[in-house]
Structures are given as structure tokens and as C-alpha cells.
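See below for the structure under consideration.
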Amino acid sequence: MPTPDTAPEQGAPLHVEIVRDGVPTPFDAEEVRVTLPNGIVFRLYPGQDPAGSVVADVPCGGPDADEFAAFVLRPGASNLFLINAERHGRRTAEEGG
């Protein structure tokens with residue numbers, strides 16, 4: 015049975031390793047979906063930069079959704095930073111949004 019080609023049209027797929035109990039399991043993927051403990055799902059997929067880039071995207075429910083998830087960067091210790099994904103309510107015209 016032939017295996018379908020799942021590589022994106024722009025180039026090579028992402029090479030990811032999922033690590034559990036110190037044991038990595040390698041995968042080639044066109045997209046990585048991560049579900050955080052707060053239920054927010056974000057996607058990682060190759061960017062358009064030929065030198066190499068990755069896009070981090072939080073899918074939204076459309077322009078009329080009551081809530082939107084967004085990435086929030088916070089400084090961490092030393093050379094680290096924290097990336098949180100948080101939900102925020104949609105602001106209305108009455109609220110100045």
C-alpha cells in the first residue's frame with residue numbers, strides 16, 4: 015500500500031522529537047499541535063524563510079468569537095523567557111476595543 019506524501023509544498027517537513035521518560039521518539043511532521051493544560055491548542059509549522067523559521071499559531075474561533083487566545087512573553091531567569099498562551103475576552107466597542 016503506498017504511503018501518502020505529507021510533506022508541505024514549500025520544502026522539508028519539521029523534524030521533531032517527542033521525549034518521555036528521557037527517551038526521544040523522532041517524527042517528521044508538516045505541523046505540530048500542542049494542547050496545554052488550560053485547554054488552549056497551538057500549532058507549530060514551517061515558516062516562509064528559506065533559512066529556517068517556524069510559525070507558532072493559536073487558531074481562533076473567527077472574528078465573532080467571545081474569546082481569543084494569545085501568546086504572552088514574560089522574562090524568565092538568566093537566558094530564559096516564558097511563553098504563555100492565555101484566553102482573553104473580546105472587547106466590544108463600548109469597552110473601547
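First residue of the sequence shown: 15, per the working numbering; consecutive thereafter. Heads up, the beta-carbon is just placed ideally off N, CA and C, and yes, glycines get one too. In this text the structure is predicted, and so the values were computed from the model without any measurement.
The alpha-carbon of P73 is positioned some 16 Å away from that of E44. At a Cβ-Cβ threshold of 8 Å, R47 and F82 do not count as neighbours. The alpha-carbon of V37 is positioned some 22 Å away from that of P27. Within the DSSP bridge table, the entry for A43 names L28 as partners.
Within the DSSP secondary-structure output, P60 pairs in a beta bridge with V68. Within the same chain, F56, L58 and F85 come within 7 Å of A70 by CB-CB distance, once the 5 residues on both sides are set aside. With a beta-carbon spacing of about 26 Å, I32 and R101 fall beyond the 8 Å limit used to define contacts. Assignment of G76 by DSSP, reduced to helix, strand and coil, places it in the coil class. By the Cβ-count criterion, P60 is buried, with 16 or more other Cβ atoms from all chains shown falling within 10 Å of its own Cβ.
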